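Presented below is the structure to which this report refers.
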Amino acid sequence: MGKILVGLVLAGLVYLWWRRRAASASAMRVPEARTLLGVGEGASEDDIRAAHRRLIAKVHPDAGGSAGLATRVNAARDALIAELKRKPRLP
62 MGKILVGLVL AGLVYLWWRR RAASASAMRV PEARTLLGVG EGASEDDIRA AHRRLIAKVH
122 PDAGGSAGLA TRVNAARDAL IAELKRKPRL P
């Protein structure tokens, strides 16, 4: 019984490690996201969303673009907005 329990715990830890590793590998880096959306370092959330809307209108699969590129544009928007929420706001 003890060996089964240790095996299950070990399998759970390996699963959590693998899941975290896969999530971090697919996340887009902030400089790459800024370049893709064409926004500067001081861009506000509204600027990021406007750039995303302009670009996604061109690359969305319904507009003749590719699903892969639309996914990258969405990931860029998500990365930049998450970065804004992590940074402390200055008065």
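In the numbering used here, the protein residues as written are 62 to 152. Here a beta-carbon is modelled for each residue, glycine too, at the ideal position from N, C-alpha and C. Note that the structure is predicted; figures quoted are calculated from it, not measured.
- Taking the Cβ atoms as the reference, Leu98 lies roughly 7 Å from Ile109, within the contact range of under 8 Å.
- DSSP places Gly101 in the coil class of the three-state scheme, outside both helix and strand.
- By the Cβ-count criterion, Ala137 is buried, with 16 or more other Cβ atoms from all chains shown falling within 10 Å of its own Cβ.
- DSSP places His113 inside the alpha helix (DSSP H), whose first and last residues are 106-120.
- Taking a contact to require three or more Cβ pairs closer than 8 Å, the segment 72-81 and the segment 118-136 do not qualify as touching.
- Rounded to whole angstroms, Asn135 and Val120 show a C-alpha spacing of 11 Å.
- Within the same chain, and ignoring the five residues on either side of Glu106 in sequence, the residues whose Cβ sits closer than 8 Å to its Cβ are Ile142, Leu145.
- DSSP places Arg138 in the helix class (H, G or I) of the three-state scheme.
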